[in-house]
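*Asks:*
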Amino acid sequence: MSLRVLGIDPGLTRCGVGVVDVEPSRSARLVHVSVIRTPTDMPLEQRLLAIGEGIAALLDEFAPAAVALERVFAQHNVRTVMGTAQASGVAMYTASSRGLAVGLHTPSEVKASVTGYGAADKKQVATMVARVLGLDSPPTPADASDALALALCHAWRSGGTLRGGNGTVGRSVSALGGAAAASSGGSAGASTAGSRLTPAQEAWRAAEKSVVARRLGT
Numbered sequence: 155m156s157l158r159v160l161g162i163d164p165g166l167t168r169c170g171v172g173v174v175d176v177e178p179s180r181s182a183r184l185v186h187v188s189v190i191r192t193p194t195d196m197p198l199e200q201r202l203l204a205i206g207e208g209i210a211a212l213l214d215e216f217a218p219a220a221v222a223l224e225r226v227f228a229q230h231n232v233r234t235v236m237g238t239a240q241a242s243g244v245a246m247y248t249a250s251s252r253g254l255a256v257g258l259h260t261p262s263e264v265k266a267s268v269t270g271y272g273a274a275d276k277k278q279v280a281t282m283v284a285r286v287l288g289l290d291s292p293p294t295p296a297d298a299s300d301a302l303a304l305a306l307c308h309a310w311r312s313g314g315t316l317r318g319g320n321g322t323v324g325r326s327v328s329a330l331g332g333a334a335a336a337s338s339g340g341s342a343g344a345s346t347a348g349s350r351l352t353p354a355q356e357a358w359r360a361a362e363k364s365v366v367a368r369r370l371g372t
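So the sequence shown is numbered by our numbering: it starts at 155 and just counts up by one.
(1) Going by the DSSP bridge assignment, what does Ile190 pair with across the sheet?
(2) Alpha carbon to alpha carbon, what distance is there between Ser242 and Ala210?
(3) What's the call for Thr294, buried or exposed, on a 16-neighbour Cβ count within 10 Å?
(4) Let me know the secondary structure DSSP gives Ala219 once reduced to three states.
(5) Any contact between the segment 197-205 and the segment 216-233? By contact I mean 3 or more CB pairs, one from each, below 8 Å.
(6) Looking at the unbroken beta strand (DSSP E) that takes in Leu302, where does it start and where does it end?
(7) Consult DSSP for Arg158 and reduce its assignment to one of helix, strand or coil.
(8) Just the C-alpha distance for Ala251 and Ala266, rounded to the nearest angstrom, thanks.
(9) For Glu215, count the other beta carbons within 10 Å of its own beta carbon; 16 or more makes it buried, fewer makes it exposed. Which is it?
(10) Quick one: what's got a C-beta closer than 8 Å to Thr238's C-beta in the same chain, skipping five residues either side?
(11) Between which two residues does the beta strand (DSSP E) holding Val226 run?
(12) Tell me where the beta strand (DSSP E) around Ala255 begins and ends.
(13) Where does Tyr247 land, buried or exposed, given buried means 16+ other C-beta within 10 angstroms?
(14) Any idea what DSSP makes of Leu289, helix, strand or coil?
(15) Expressed to the nearest angstrom, what Euclidean distance is found between the alpha-carbon atoms of Ala301 and Gly253?
(16) With burial defined as no fewer than 16 other Cβ atoms inside 10 Å of the residue's Cβ, what is the status of Glu177: buried or exposed?
(17) Are the CB atoms of Ala298 and Val221 within a distance shorter than 8 Å?
(18) Might you give, ordered along the chain, the residues of its own chain that have their beta carbon closer than 7 Å to the beta carbon of Thr194, omitting 5 neighbours on each side?
(19) In whole angstroms, what separates the C-alpha of Gly270 from that of Met196?
(20) What is the rounded straight-line gap between the Cα of Val258 and the Cα of Lys277?
(21) What number of angstroms, rounded off, separates the C-alpha of Met155 from the C-alpha of Thr260?
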């Protein structure tokens, strides 16, 4: 049975949202992706209300089993981090009010889960998201790809269960370069456990096989 997860990349101006279905085999399917936008000249409380209503509509329409959210860290730009934290709080409240588990994941955890490399850049993450989901190109803007990456990370790190995350859910993925190296022209690294692949590398292999199968018409 697949696990449906809503990933949310919080932000006041652009809040990325993405829904994926992930199978026990770790293969994944895109269900929905979009960006909730609010104008900068709108009163703060109205912007937060719009974000909350947008997320609530997605929860009602797609009925995910869990929600994944990026953990907010302090930044030099206090205004930016405050807005992100406020949007994050609205997202957590909206999900929790419906009895849904909310998983918080750091950017490095998301990168490691999706690409196999904790220091991957946004382009590498977006490329891997597109490959895993069988898309012709990465979703834009970056907020959309990040939301999908969060959803995939949560599903893979939680082992396909309905547990909420706290940044430490499931086993960590080794930062081996993996898909990040492949997307930048290098070769994928091998797992430290011999021939056993990381979740990201398994997904990468499955995505490549899918592409080949489509090209051959099988």
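In this text, a Cβ means the ideal position worked out from N, Cα and C, and glycines have one as well.
*Replies:* According to the structure data:
(1) Here residue 190 refers to the residue found at position 36 when the sequence shown is read from its first residue. According to DSSP, Ile190 bridges with Cys169.
(2) Along the sequence shown, read from residue 1 onward, the residue named residue 210 stands at position 56. Along the sequence shown, read from residue 1 onward, the residue named residue 242 stands at position 88. Rounded to the nearest angstrom, the two C-alpha atoms are 14 Å apart.
(3) As a working note, residue 294 is residue 140 in the sequence shown. Exposed, since its Cβ has fewer than 16 Cβ neighbours within 10 Å.
(4) Taking the first residue of the sequence shown as position 1, residue 219 is located at position 65. Looking at Ala219 - three-state DSSP - the assignment turns out to be coil, as it is neither helix nor strand.
(5) no
(6) Reading the sequence shown from its first residue, position 148 is the one you call residue 302. Per DSSP, Leu302 belongs to no beta strand (DSSP E); it is in the alpha helix (DSSP H), 296-311.
(7) Taking the first residue of the sequence shown as 1, we reach residue 158 at position 4. Strand, per DSSP.
(8) Within the sequence shown, residue 251 is the residue found at index 97, counting from 1. Within the sequence shown, residue 266 is the residue found at index 112, counting from 1. The residue you asked about is not Ala; residue 251 is Ser in the sequence shown. So the two alpha carbons sit approximately 30 Å from each other.
(9) As a working mapping, residue 215 is identified with position 61 in the sequence shown. So Glu215 ends up on the exposed side.
(10) Locating residue 238 in the sequence shown gives position 84, counting from the first residue. Result list for Thr238: Pro164, Gly165, Leu166, Val226, in chain order.
(11) If you number the sequence shown from 1, residue 226 lands on position 72. Looking at the DSSP string, Val226 is not in any beta strand (DSSP E), and its letter there is neither H nor E.
(12) Sequence index remark: in the sequence shown, residue 255 carries index 101 (1-based). First-last of the beta strand (DSSP E) with Ala255: 255-259.
(13) Taking the sequence shown and counting its residues from 1, the one referred to as residue 247 is at position 93. Tyr247 comes out exposed.
(14) The sequence position of residue 289 within the sequence shown is 135, counting from 1. If DSSP states are grouped into helix, strand and coil, Leu289 belongs with coil.
(15) The residue given as residue 301 occupies position 147 in the sequence shown. The residue given as residue 253 occupies position 99 in the sequence shown. Approximately 21 Å between the Cα atoms of the pair.
(16) One-based indexing of the sequence shown puts residue 177 at position 23. Counting Cβ neighbours within 10 Å, Glu177 comes out exposed, since fewer than 16 surround it.
(17) Position 67 of the sequence shown, counted from the first residue, corresponds to residue 221. Position 144 of the sequence shown, counted from the first residue, corresponds to residue 298. Going by C-beta atoms, Val221 is not nearer than 8 Å to Ala298.
(18) One-based indexing of the sequence shown puts residue 194 at position 40. Excluding residues within five positions, the ones whose Cβ falls inside 7 Å are Thr167.
(19) Along the sequence shown, read from residue 1 onward, the residue named residue 270 stands at position 116. Along the sequence shown, read from residue 1 onward, the residue named residue 196 stands at position 42. C-alpha separation (whole angstroms): 40 Å.
(20) The residue given as residue 258 occupies position 104 in the sequence shown. The residue given as residue 277 occupies position 123 in the sequence shown. Correcting the residue identity first, residue 258 is Leu in this sequence and not Val. Approximately 22 Å between the Cα atoms of the pair.
(21) For the purposes of this step, residue 155 is identified with residue 1 of the sequence shown, where counting begins at 1. For the purposes of this step, residue 260 is identified with residue 106 of the sequence shown, where counting begins at 1. Cα to Cα, Met155 sits roughly 27 Å from Thr260.
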